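K.L.:
Below is one structure. I have some questions about it.
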Amino acid sequence: MNGLKHHANSVKMQLDLEKELKGNIRVFCRVRPLLPNESGAVAYPKSGENLGRGIELTHNGQMYFFTFDKVFEQSTSQEDVFIEISHLVQSALDGYKVCIFAYGQTGSGKTYTMMGNPELHDQKGLIPRSLEQIFQTSQALISQGWKYKMQASMLEIYNEAICDLLATNHTTIQDGGASKYSIKHDANGNTHVSDLTIVDVLSINEVSSLLKRAAQSRSVGRTQMNEESSRSHCVFTLRIFGVNEGTDQQVQGVLNLIDLAGSERLNKSGATGDRLKETQAINKSLSCLSDVIFSIAKKEEHVPFRNSKLTYLLQPCLGGDSKTLMFVNLSPEVSSTGESICSLRFAARVNSCEIGIPRRQTQVRSLAQG
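The sequence shown begins at 1 in full-length UniProt numbering and counts up one residue at a time.
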C-alpha cells in the first residue's frame, strides 16, 4: 500500500512540475459534507494513480469521471486544504503574483473554503490562514535581512458595479458610489482600481479587523439555494513589498484571494425582482469568465477580458505571468448533480489553460533609491 502511495505522490510531483513549466492553471476540487437530509451522488477512486485526484458522479443513470490536480473529499479539514496551497501563498513573499479563486454553485462551500469562520481556529478558511502565514514568515525572514511592507484592499463586484469594502464613508451602489471606480493594468501587469481604499497593514490583528469590516459590508441576500448566499464576487488583495538590507534585493508580490458569486441557474434559484437582476448579472459575469477561459484554452489571439468587470479585473491572473489556482466547490447531493457536472466541465477546461510561465518581480535597489 505504501508503495502505491509513494508512486502516486511521485506522479503528482512530476505533473506539478510539468504544469509549473507550462504555466497551467491548477485546479483543486473540494466537496462539502452531506447534510442530514441529503443523499449523495459522489464517489472517489480507492487506488491507482487517480487516488486523491479523481471524482465520479452519477446523473440520470450515467457515470461521469473527472481528474484534477487534487480532490478533497467531504471529510477534509480546513487545515489540510490549506497545507496543500501553503507553498503557493509563500511564493507571493518571494515576488510572484498569486491568484486563488473559488467557483461553484451557491451552497457548495466557496465562502467556507475561502473565509470560513475566522473566530474558530479549526474553521478558519484560506484567506485568514494565508495572511497568518504571510505575517509569520515575514517576521521569520527579518533575521535574514528582509523587511516587508504590506498593503491590503478588498472590493466586491455586485451587478457589474464595484464597491469598496474598506471605505469608511460607505456609499452604496444604489447611491451611485460605484461609478467612480475604474480598473487599469500597468506595464508590469499589476492591477489598479482608481479611488479604492488601500490600507497599510503591520500585523495580523490589523488584517483581521479589516476582514471583519469587509464582511459586514458585503452584499448578502437570501435565495432558495442558501439562506445567506453571497450575491457578489469578492476580491481580497494583499500587495507585498520586500527589500533585503544586506543584498539590496527588492521583491514585489501580490496575493489575490477571490470568492466568486454562486453559479446557480435561474430556474433553480427562485429569483424574482432585485434577486432576478442579481442572478442575471452574476450569470453574465460568470459566462464572460467562461468565454475567457474558452479563448485561452483554444489559444485564440483575442481574449475578451473587457466583456465584464470580473474578467477585466482577473486579466493578470488569467492572461499573464501569475501562479493561479482555482477551487471548484461541489455539493454532493443528488439534486445538485446537474449543476456539479457543469462546474466540473468548466473546471476541466480551466485546468487545460496555459497562461504563461510565472515571473518573479525582483530587482536590485539602486543607490538613488536607497
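Glycine included, C-beta positions come from ideal geometry on N, C-alpha and C. In this text the structure is predicted, and so the values were computed from the model without any measurement.
Need the endpoints of the alpha helix (DSSP H) that T106 sits in, please.
P.N.:
Careful: T106 lies outside any alpha helix (DSSP H) and carries neither H nor E.
K.L.:
Would H185 and Q315 be called neighbours here (beta carbons separated by less than 8 Å)?
P.N.:
The answer is yes: Cβ separation under 8 Å.
K.L.:
Which of the three DSSP states, helix, strand or coil, is assigned to S47?
P.N.:
If DSSP states are grouped into helix, strand and coil, S47 belongs with coil.
K.L.:
So, helix, strand or coil for T191, using DSSP?
P.N.:
In the structure shown, T191 sits in a strand (DSSP, three-state: E or B).
K.L.:
Applying the criterion that 16 or more other CB atoms from any shown protein chain within 10 Å of the CB defines a buried residue, is V364 buried or exposed?
P.N.:
By the neighbour-count criterion, in which 16 or more other beta carbons inside 10 Å mark a residue as buried, V364 falls on the exposed side.
K.L.:
Can you list the alpha helix (DSSP H) stretches of 4 or more residues lying completely in the region 266–313, in chain order?
P.N.:
Correct list: 266–269, 273–297 and 309–313.
K.L.:
Give the secondary structure of F236 by DSSP, where H, G and I count as helix, E and B as strand, and everything else as coil.
P.N.:
strand
K.L.:
By Cβ distance below 6 Å, which residues in the same chain neighbour R235 in space, the five residues on each side in sequence not counted?
P.N.:
Reading off the sequence shown, one finds Val at residue 235, where the question assumed Arg. L155 and I258, listed in sequence order.
K.L.:
Count the other CB atoms, across all protein chains shown, that sit within 10 Å of the CB of N117; report buried if there are 16 or more and exposed otherwise.
P.N.:
exposed
K.L.:
Using three-state DSSP, classify C353 as helix, strand or coil.
P.N.:
coil
K.L.:
So, at 8 Å on beta carbons, what are the nonlocal neighbours of S263 in its own chain, with the 5 sequence-adjacent residues on each side left out?
P.N.:
In chain order, Y103, G104, Q105, T106, I282, N283, L286, E339, C342 and S343 place their CB closer than 8 Å to the CB of S263, counting only its own chain and leaving out the 5 sequence neighbours on each side.
K.L.:
How is the alpha helix (DSSP H) around H87 delimited, first residue to last?
P.N.:
Where H87 is concerned, the enclosing alpha helix (DSSP H) starts and stops at Q78 to L93.
K.L.:
For the region 158–170 and the region 191–205, state whether three or more C-beta atom pairs, one from each stretch, are separated by less than 8 Å.
P.N.:
yes
K.L.:
Please state if the CB of R349 and the CB of I293 are separated by a distance shorter than 8 Å.
P.N.:
yes
K.L.:
Please state whether the Cβ-Cβ distance between I355 and G23 is less than 8 Å.
P.N.:
Their beta carbons are under 8 Å apart, which means I355 touches G23 by this criterion.
K.L.:
Taking the beta strand (DSSP E) that G253 falls in, what are its first and last residues?
P.N.:
Boundaries of the beta strand (DSSP E) harbouring G253: Q249 to D259, taken from the DSSP string.
K.L.:
Whole angstroms are fine: how far does the CA of F101 sit from the CA of E228?
P.N.:
Below a pLDDT of 50, predicted positions are generally treated as unreliable, and E228, at 46, falls in that range; no measurement from the model is reported.
K.L.:
Three or more C-beta pairs closer than 8 Å, one from the region 22–37 and one from the region 314–331: is that the case here?
P.N.:
yes
K.L.:
Given a cut-off of 8 Å, decide if L211 and P128 are closer than it, judged by their beta-carbon atoms.
P.N.:
yes
K.L.:
L141: which of Y158, N159, E56 and D94 sits nearest, CA to CA?
P.N.:
D94
K.L.:
Evaluate R32 with the Cβ neighbour count: other Cβ atoms within 10 Å of its Cβ, from every protein chain shown; 16 or more gives buried, anything less gives exposed.
P.N.:
buried
K.L.:
Alpha carbon to alpha carbon, what distance is there between V207 and V201?
P.N.:
6 Å
K.L.:
Who are the near neighbours of P358 in its chain, counting only those whose CB is closer than 7 Å to its CB and skipping five residues on each side?
P.N.:
G23, Y96, D321, S322 and K323
K.L.:
Go ahead and label Q174 buried or exposed: buried means 16 or more other beta carbons lie within 10 angstroms of its beta carbon, across all protein chains shown.
P.N.:
With a pLDDT of only 48 at Q174, under the threshold of 50, the placement of this residue in the model should not be trusted; the figure read from the coordinates follows. Exposed, by the Cβ-count rule.
K.L.:
Less than 6 Å between C-beta atoms, sequence neighbours within five positions excluded: which residues of the same chain meet that for K309?
P.N.:
I157 and E160
K.L.:
Roughly how many whole angstroms lie between the Cα atoms of E56 and G242?
P.N.:
44 Å
K.L.:
R26 lies in the beta strand (DSSP E); which residues open and close that run?
P.N.:
R26 to V31
K.L.:
Please identify the residue among V42, K70, N50 and F72 whose C-alpha is closest to the C-alpha of M63.
P.N.:
V42
K.L.:
Measure the CB-CB distance between S75 and L330 and report whether it falls below 8 Å.
P.N.:
no
K.L.:
So, with DSSP's three-state summary, where would you put M150?
P.N.:
strand
K.L.:
What does the alpha-carbon distance come out to for the pair S295 and I183?
P.N.:
Rounded to whole angstroms, S295 to I183 spans 22 Å at the Cα level.
K.L.:
Just to check, is the beta-carbon of Y103 closer than 7 Å to a non-hydrogen atom of the ligand GDP?
P.N.:
Questions concerning the ligand GDP fall outside what the structure shown contains, since it holds no ligand whatsoever.
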